[in-house]
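Q: The structure that follows is given in the form of structure tokens.
Structure representation (structure tokens):
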């Protein structure tokens, strides 16, 4: 009889578990999107890959056609089917998403204003009116009682558009004219317009297919701008335009014919020189021109060389150059303006093996160096006369600090940005002589319960499988204990030498206040620990990026911060590639993974030089036309390595108009995952049909996708509100 009761109880428990499982996975009753398979053979190096979903790729002409052809319609049908499936599977979280969105935007100051920046007799700032999705771009004369001038009325301008992206704004030297870029497609192809700031009227001048910014010569009537290759979107030409003429009359002053380079144009802080820069991953080249002579001849500072990088600013009789010439971690040199080649470069801040020299700001009496030591950014202040050399002190274990808008030469005041995982974004002014500082503004968190003291930040190090120490920045609410039962979201990027800074985000409070630990893995491929950190996470060492992330995840589990059933991973773009790789390499370590605009079809994309970004990224990923790189790339490419096995819950996001990671990469990836995966975990994709790589353009609209992301994770945790 006793045994009967035990068996009966076991049956009840099993029935309850099954019922609970069915309730939790109600989406199993829904029809799963199924993409048609059209096998396409892709052969190179005597190796053939079969891509069943190659047909999903559309040309720009197909996407922009008024009437979709049959292929376009098939693609649209599939993307809409995925969106419909997403909506149905997440329907039970709709109230949670709405509440999260409201919670997130309610923390944001609705009538916020930036700290004004003074330039050429005016104070410039942006401000938001109550509830406004777009900013007002404003200025005032630097005189008592000056009235506000609204240069651009963002809410009014964007009113009729589903996407409205602002490029750069630049005012002419005589303060009378404004040049500004606008993108209404989300392909980062901007049209530049000109506005007479005295009359408030737009000029007839209109420059299309540009990079979004215009640089004024000192005559106040000549501007220089970049145009893009219409297919690859590579910025390949620098063009001169004279106000009052047609774009068809504009003169190309420089064309970058090497398709592994892109180019741009700007101006030195001194306003004395115009600069054209040509950029590749491992090589740069600059040309300069007297800004008073826009029709003059451009001169090269130092001809391009493989593996030689440099950037330039100007002060008095010298160009100051940040370079990696015989300096892996970069250094600062100077050279006379009439003798610019590298043979004339003299060290100002020599190379150091343990300090990464990140940038500089030049002042009349001071040199400010941006350096990175032990993975954290520092600000170093040096007097030109050698009488003082010091670092600004910061107390948080993980933080970011960097100079911001410092347009004046003749000042002893440095303006800089500071933030940490617990300190809201702050703008400060620092007296470089007295070392006194003033807080100009700190991001206001509209939440009566918020206090910096409620949260704890840590800086830890995980030991990677090859013995390297990988930094981790963590934040969590006070009182959380290392019981191994905390939900944890682990984020990383790990490419292009981009360092992931431990900055404050008020949106993150929605995680922390629900008991989550948030962690940033500063993995190789970034540049947190210097140039070697980057070089050991790219090309034929790219897998270090992925294994570092996995090793950090396992470290956090072993240290009792979380467990694999409550560990979540998130990354976007190249960080989305990271997500795809760790899903294939260690799928059982994660309960859920969020891959935003993920670069997952690595081999096919890097073989196709017509796709934006491909040609000038060979130094990052390798050129798969070389068999060694092809084999290595194929061994980790997420799309090529999807297998018949269990995967965790996955949310993928993309944008139909994405020019950086085309929508078809995540679309193909999810189709292949659906075809092969052997589990019944949730697999969903949100394809925004109106946006590109950066998502929605409005200040608040973008948080709807974040609310979806959080709802996806919370639902897996059983968090209902």
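In the UniProt record's numbering, the protein residues as written are 1 to 721. We put the beta carbon where it would ideally sit given N, CA and C, even for glycine. This structure is a prediction, so every number in the text was calculated from the model and none was measured.
1. Less than 9 Å between the C-beta atoms of residue 674 and residue 683, yes or no?
2. Quick check on residue 224: does DSSP put it in helix, strand or coil?
3. Can the beta-carbon of residue 327 be found closer than 9 Å to that of residue 274?
4. Give the DSSP-derived three-state secondary structure of residue 286 in the structure shown.
5. First and last residue of the alpha helix (DSSP H) that includes residue 630?
6. Going by Cα to Cα distance, which pick from 111, 220, 305, 225 is closest to residue 271?
7. Residues in the same chain with beta-carbon distance under 7 Å from residue 400, minus the five sequence neighbours each way, listed in chain order, please.
8. Between residue 492 and residue 549, how many whole angstroms is the CB-CB distance? I'm expecting something under 8 Å.
9. Have a look at residue 92 and residue 259 and give me their C-alpha separation to the nearest angstrom.
10. Does residue 715 come out as helix, strand or coil in the three-state DSSP assignment?
11. Check this for me: beta carbons of residue 716 and residue 568, under 9 Å apart or not?
12. Spatial neighbours of residue 122 within its chain, please: CB distance less than 8 Å, with the 5 preceding and 5 following residues excluded, ordered by chain position.
13. Could you give the C-beta distance for residue 648 and residue 592, rounded to a whole number, given that I count them as a contact under 8 Å?
14. Would you mind listing the beta strand (DSSP E) stretches within the stretch 326-374 that are 3+ residues and don't spill past its ends, in chain order?
15. Could you please give the first and the last residue of the uninterrupted alpha helix (DSSP H) stretch that includes residue 95?
16. Would you tell me roughly how many angstroms separate the C-alpha atoms of residue 530 and residue 297, rounded to the nearest one?
17. Check the C-beta distance from residue 511 over to residue 473 and give it rounded, since I have them as a contact under 8 Å.
18. Go through the stretch 553-603 residue by residue and report every complete run of the alpha helix (DSSP H) that reaches 4 residues or more, in order.
19. Does the beta-carbon of residue 160 have 16 or more other beta-carbons within 10 angstroms, so that it is buried, or is it exposed?
20. Are the beta-carbon atoms belonging to residue 719 and residue 514 less than 9 Å from one another?
21. Can you find a CB in chain C that lies within less than 9 Å of the CB of residue 710?
22. Less than 9 Å separating the beta-carbons of residue 563 and residue 622?
23. Identify whether residue 140 lies in helix, strand or coil by the three-state DSSP scheme.
24. Can you tell me which residues form a DSSP beta bridge with residue 216?
25. With distances taken Cα to Cα, identify the nearest neighbour of residue 417 among 409, 410, 427, 411.
26. Pick out whichever of 459, 445, 51, 392 has its Cα sitting closest to the Cα of residue 429.
27. Look at the alpha carbon of residue 389 and the alpha carbon of residue 306, and state the distance between them as a whole number of angstroms.
28. In whole angstroms, give me the CA-to-CA distance for residue 173 and residue 312.
29. Would you kindly work out how many angstroms separate the C-alpha atoms of residue 56 and residue 449, rounded to a whole number?
30. Between the C-alpha atoms of residue 632 and residue 613, what's the straight-line distance to the nearest angstrom?
31. Would you grab the beta carbon distance between residue 578 and residue 526 for me? Rounded to a whole angstrom, and I think it's under 8 Å.
32. For a quick check, are the C-beta atoms of residue 60 and residue 604 less than 9 Å apart?
33. What number of angstroms, rounded off, separates the C-alpha of residue 73 from the C-alpha of residue 85?
34. Counting pairs of beta carbons, one from the stretch 182-199 and one from the stretch 226-233, are three or more of them closer than 8 Å?
35. When the Cα atoms are used, what is the spatial distance from residue 395 to residue 361?
36. Please state the DSSP three-state secondary structure of residue 735.
A: So, from the data block:
1. As a working note, residue 674 is residue 674 in the chain shown. As a working note, residue 683 is residue 683 in the chain shown. Contact check for residue 674 against residue 683 passes: the beta carbons are separated by less than 9 Å.
2. Reading the chain shown from its first residue, position 224 is the one you call residue 224. If DSSP states are grouped into helix, strand and coil, residue 224 belongs with the strands.
3. Taking the chain shown and counting its residues from 1, one reaches residue 327 at position 327. Taking the chain shown and counting its residues from 1, one reaches residue 274 at position 274. Going by C-beta atoms, residue 327 is not nearer than 9 Å to residue 274.
4. Walking along the chain shown from the start, residue 286 turns up at place 286. The answer is strand: DSSP assigns residue 286 an E or B state.
5. The residue given as residue 630 occupies position 630 in the chain shown. From DSSP, the alpha helix (DSSP H) with residue 630 extends over 627-636.
6. Here residue 271 corresponds to residue number 271 of the chain shown, with the count starting at 1. Of 111, 220, 305, 225, the residue nearest in Cα terms is 220.
7. Taking the first residue of the chain shown as position 1, residue 400 is located at position 400. Excluding sequence neighbours, residue 400 sits near 377, 419, 501, 502, 503.
8. The residue labelled residue 492 in the question sits at position 492 within the chain shown. The residue labelled residue 549 in the question sits at position 549 within the chain shown. With a Cβ gap of about 5 Å, residue 492 and residue 549 count as contacting.
9. Along the chain shown, one-based indexing puts residue 92 at 92. Along the chain shown, one-based indexing puts residue 259 at 259. Each residue's Cα considered, the two are about 49 Å apart.
10. As a working note, residue 715 is residue 715 in the chain shown. Here residue 715 sits in helix by DSSP.
11. Taking the chain shown and counting its residues from 1, the one referred to as residue 716 is at position 716. Taking the chain shown and counting its residues from 1, the one referred to as residue 568 is at position 568. Yes, the pair counts as a contact, with Cβ atoms nearer than the cut-off.
12. As a first step, residue 122 is located in the chain shown; it is residue number 122 there, counting from the start. Exclusion of the five residues before and after residue 122 leaves 139, 140, 141, 142, 171, 175 as the residues of its chain whose Cβ lies within less than 8 Å of its Cβ.
13. On the chain shown, position 648 is the one that residue 648 refers to. On the chain shown, position 592 is the one that residue 592 refers to. About 6 Å; that satisfies the 8 Å criterion.
14. 331-336, 346-349, 355-362, 366-373
15. The sequence position of residue 95 within the chain shown is 95, counting from 1. First-last of the alpha helix (DSSP H) with residue 95: 94-106.
16. Here residue 530 refers to the residue found at position 530 of the chain shown. Here residue 297 refers to the residue found at position 297 of the chain shown. Cα-Cα distance, rounded: 37 Å.
17. Numbered from its first residue, the chain shown carries residue 511 at position 511. Numbered from its first residue, the chain shown carries residue 473 at position 473. Wrong, their Cβ atoms sit about 14 Å apart, outside the cutoff.
18. 574-585
19. The residue given as residue 160 occupies position 160 in the chain shown. With fewer than 16 other beta carbons inside 10 angstroms of its own, residue 160 counts as exposed.
20. Position 719 of the chain shown, counting from 1, holds the residue named residue 719. Position 514 of the chain shown, counting from 1, holds the residue named residue 514. Yes, these two residues count as a Cβ contact at 9 Å.
21. Annotation note: the requested chain C is absent from the structure, which comprises a single protein chain.
22. The sequence position of residue 563 within the chain shown is 563, counting from 1. The sequence position of residue 622 within the chain shown is 622, counting from 1. No, these two residues do not count as a Cβ contact at 9 Å.
23. Against the chain shown, residue 140 aligns to sequence position 140. In the structure shown, residue 140 falls within a strand segment according to DSSP collapsed to helix, strand and coil.
24. Residue mapping note: residue 216 aligns to position 216 of the chain shown, counting from 1. Paired residues: 223.
25. Stepping through the chain shown from its first residue, residue 417 is reached at position 417. Considering only alpha carbons, the answer is 427.
26. Here residue 429 refers to the residue found at position 429 of the chain shown. Across the set 459, 445, 51, 392, the C-alpha of 392 shows the shortest separation from the C-alpha of residue 429.
27. Taking the first residue of the chain shown as position 1, residue 389 is located at position 389. Taking the first residue of the chain shown as position 1, residue 306 is located at position 306. Going from the Cα of residue 389 to the Cα of residue 306 covers about 34 Å.
28. Sequence index remark: in the chain shown, residue 173 carries index 173 (1-based). Sequence index remark: in the chain shown, residue 312 carries index 312 (1-based). So the two alpha carbons sit approximately 21 Å from each other.
29. What you label residue 56 is simply residue 56 of the chain shown in a count that begins at 1. What you label residue 449 is simply residue 449 of the chain shown in a count that begins at 1. Straight-line Cα distance between these residues: approximately 48 Å.
30. The sequence position of residue 632 within the chain shown is 632, counting from 1. The sequence position of residue 613 within the chain shown is 613, counting from 1. Near 20 Å, if we compare the C-alpha coordinates of residue 613 and residue 632.
31. Locating residue 578 in the chain shown gives position 578, where the first residue counts as 1. Locating residue 526 in the chain shown gives position 526, where the first residue counts as 1. In fact, because the Cβ distance is near 11 Å, the residues do not count as touching under 8 Å.
32. Taking the chain shown and counting its residues from 1, one reaches residue 60 at position 60. Taking the chain shown and counting its residues from 1, one reaches residue 604 at position 604. Contact flag unset, no.
33. Numbered from 1 along the chain shown, position 73 holds the residue referred to as residue 73. Numbered from 1 along the chain shown, position 85 holds the residue referred to as residue 85. Near 18 Å, if we compare the C-alpha coordinates of residue 85 and residue 73.
34. Under the Cβ criterion (8 Å, minimum of three pairs), the stretch 182-199 counts as touching the stretch 226-233.
35. Here the question's residue 395 lines up with position 395 in the chain shown. Here the question's residue 361 lines up with position 361 in the chain shown. Between residue 395 and residue 361, the alpha-carbon positions lie close to 23 Å from each other.
36. Because residue 735 is not part of the residues shown, which for the chain are 1 to 721, the question remains open.
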